[in-house]
Amino acid sequence: MVASKKPHFKSFLMGGFEAACHVNGQGRRLDMIRQTQHDIQVEQDYALVKSQGFQTVRDGVRWPLIEKEPGVYDFSSLEPMAVAAQRLGMQVIWTLCHYGWPDDLDVFSPEFITRFAAFSQAVATFLSQYSDDTPFFTPVNEISYFCWVGGEVGTVYPYGKGRGYEMKLQLVRAALASMDAIWEVCPQARFVHVEPLIHVAVPPDQPELREAAHADHATQFEAYDIMAGMRHPELGGNAKYLDIIGCNFYHDNEWFYYGAYIPWHEETPDSNWVPLHQLIEKIYKRYRRPIIISETSHYGGNRPAWMRMIIREIQKVLIQDIPFLGVCLYPILDRSDWENDDHWHNSGLWDYSLGPEGRHLRVLAPDYAAEIQRAVQLFSSTATKELFSTST
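Just so we're aligned, residue 4 is where the sequence shown starts under this note's numbering, counting upward by one.
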């Protein structure tokens with residue numbers, strides 16, 4: 004294990020703000036930053052997160068708001084966020100495309116790649132005014148998931164059917180172009196590539212589905228493989244692009260092939276459930292890159308138990324020779340459903356409550372907060388800092 008000169012991130016525990024801005028199944032453009040009022044409460048939100056011991060967050064750059072006309076950028080929606088981060092000393096991992104792009108763009112067109120590269124460079128240049136620290140970006144959030152929901156089954160825009168792999172190739176091309184464009188103006192930039200970490204199991208009563216289940220399970224690696232040049236090298240992938248791996252892991256990330264989800268229970272886990280630390284070990288062996296859990300949470304009363312499980316699993320990772328750099332609780336603020344503004348998930352550290360004059364109040368979930376504070380204390384010890392400050 005080789006210790007780095009300094010940790011990649013300011014805090015091991017991080018908070019993630021829901022920033023999706025795609026067009027949903029009803030044909031309605033979402034703006035989850037506005038929906039949660041993070042746009043007008045950003046400084047308060049960063050202060051709240053900091054009060055819980057977090058100094059690093061994931062947040063989003065809303066491309067549809069910024070590029071209203073091709074090549075013309077209005078950063079008025081991003082500036083308050085950059086200013087708030089600067090004032091409070093928050094480190095931000097900025098997502099550049101969280102499922103959404105300008106209305107005039109066709110995701111399958113060559114123009115999508117060139118426009119996204121130019122946009123990425125413009126964002127990096129703009130943000131450089133507010134911090135001299137190494138910037139961190141996620142070019143495209145969850146390529147695998149978005150290409151399934153938007154390109155394969157078509158439940159959100161662009162409503163594609165059977166075009167998931169084609170869309171995946173396109174979004175990887177866009178991510179590669181984005182990184183190259185950012186490096187031109189910011190050579191020290193780092194990238195966190197965020198994808199779902201899943202397990203697809205063979206149904207116990209259908210062993211003949213073993214090969215199909217394994218193939219479905221392996222789709223989670225396609226975007227990383229292409230980015231690293233391990234697959235479709237003609238697209239220009241290279242190991243240099245696969246910087247930090249971000250694994251999104253929720254209670255519904257494990258399922259039987261074309262069947263039910265594998266249930267997760269704290270006390271009596273299903274025998275088909277693969278522990279998180281084992282999934283992390285496997286992805287590290289495949290790529291040998293630094294790793295974070297870039298999204299994780301549960302709903303309602305399940306949040307404390309889920310956090311206890313995350314703590315136990317990460318402790319098992321940290322005793323191994325794996326450069327594991329942190330855990331991002333996502334969403335850190337409660338969020339409404341993409342298809343129903345009135346349904347809030349109760350999945351954040353702060354729940355939603357409607358206050359005077361329509362202001363969204365942040366109501367701390369006490370039992371969840373207690374487990375998170377235990378994690379903050381546990382992972383801020385000197386010994387643990389040495390463990391998670393590893394680098395390649």
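Even glycine gets a Cβ: it sits at the ideal position worked out from N, Cα and C.
{"Check": "Val110 by DSSP, collapsed to three states: which one?", "Outcome": "coil"}
{"Check": "Would the region 328-344 count as touching the region 298-309 if we require 3 or more Cβ pairs under 8 Å?", "Outcome": "yes"}
{"Check": "Using the C-alpha atoms, what's the distance from Asp106 back to Arg292?", "Outcome": "35 Å"}
{"Check": "According to the neighbour-count rule (16 or more other Cβ atoms, all chains shown, within 10 Å of its Cβ), is Tyr264 buried or exposed?", "Outcome": "exposed"}
{"Check": "Do you know whose CA, among His220, Asp273, Tyr290 and Tyr253, lies nearest Asn241's CA?", "Outcome": "Tyr290"}
{"Check": "Tell me, please, which residues DSSP counts as bridged to Pro199.", "Outcome": "Asn251"}
{"Check": "Please confirm if the region 309-316 is in contact with the region 345-365, defined as three or more CB-CB distances below 8 Å between the two stretches.", "Outcome": "no"}
{"Check": "My assumption, with CB atoms under 8 Å, is that Ala22 sits in contact with Asp62. Please give the rounded CB distance.", "Outcome": "6 Å"}
{"Check": "Put Asn256 into one of helix, strand or coil per three-state DSSP.", "Outcome": "coil"}
{"Check": "Which partner residues does Ala204 have in the DSSP bridge list?", "Outcome": "Phe259"}
{"Check": "Which ranges would you report for the alpha helix (DSSP H) in the region 61-149 if only whole runs of at least 4 residues count?", "Outcome": "66-69, 82-91 and 113-130"}
{"Check": "Are the CB atoms of Tyr355 and Asp337 within a distance shorter than 8 Å?", "Outcome": "yes"}
{"Check": "In whole angstroms, what is the alpha-carbon distance linking Gly92 and Trp353?", "Outcome": "21 Å"}
{"Check": "Looking only at its chain, what residues have a beta carbon closer than 6 Å to the beta carbon of Asp42, apart from the 5 residues adjacent to it on each side?", "Outcome": "Ile36"}
{"Check": "List the endpoints of the continuous beta strand (DSSP E) containing Glu298.", "Outcome": "Ile294 to Glu298"}
{"Check": "Who are Asn343's beta bridge partners in DSSP?", "Outcome": "Asp340"}
{"Check": "Under 7 Å Cβ to Cβ from Trp186, same chain only, skipping five residues before and after it: list those, please.", "Outcome": "Ala192"}
{"Check": "With a threshold of 6 Å on Cβ separation, who are the neighbours of Pro201 within its own chain once the five nearest residues in sequence on each side are excluded?", "Outcome": "Checking the sequence shown, residue 201 turns out to be Ile, not Pro. Hits under 6 Å: Gln223 and Asn256."}
{"Check": "I'd like the ranges of any alpha helix (DSSP H) spanning at least 4 consecutive residues and lying wholly in the region 279-333.", "Outcome": "279-290 and 306-321"}
{"Check": "Assuming contact is defined by CB atoms lying nearer than 8 Å, are Val195 and Ile96 in contact in what I supplied?", "Outcome": "yes"}
{"Check": "Quick check on the burial criterion: 16 or more other C-beta atoms within 10 angstroms. Buried or exposed for Lys171?", "Outcome": "buried"}
{"Check": "Cα separation between Arg306 and Pro210?", "Outcome": "34 Å"}
{"Check": "Could you tell me the distance, in whole angstroms, from the CA atom of Gln89 to the CA atom of Cys100?", "Outcome": "22 Å"}
{"Check": "Does the distance from the CB of Ala216 to the CB of Val197 come in under 8 Å?", "Outcome": "no"}
{"Check": "Can you pull the DSSP bridge partners for Arg32?", "Outcome": "Val26"}
{"Check": "Would you kindly work out how many angstroms separate the C-alpha atoms of Lys8 and Leu212, rounded to a whole number?", "Outcome": "Any reading at Lys8 must be qualified, since the residue scores a pLDDT of 39, below 50, and its modelled position is unreliable; no value is offered."}
{"Check": "Could you please give me the residues that DSSP links to Gly18 through a beta bridge?", "Outcome": "Val60 and Leu332"}
{"Check": "Do Pro142 and Gly103 have their beta-carbon atoms positioned less than 8 Å apart in this structure?", "Outcome": "no"}
{"Check": "What's the C-alpha gap between Ala87 and Ser54?", "Outcome": "15 Å"}
{"Check": "Per DSSP, which one or two residues make a beta bridge with Trp353?", "Outcome": "Leu336 and Leu367"}
{"Check": "Give every residue of the same chain whose Cβ lies closer than 7 Å to the Cβ of Gln124, excluding the five residues on either side of it in the sequence, and list them in chain order.", "Outcome": "Ala184, Ile185, Glu187 and Val188"}
{"Check": "By a C-beta neighbour count over all protein chains shown, 10 Å radius and 16 as the cutoff for buried, is Glu214 buried or exposed?", "Outcome": "exposed"}
{"Check": "Tell me the DSSP secondary structure of Arg37 in three-state form.", "Outcome": "helix"}
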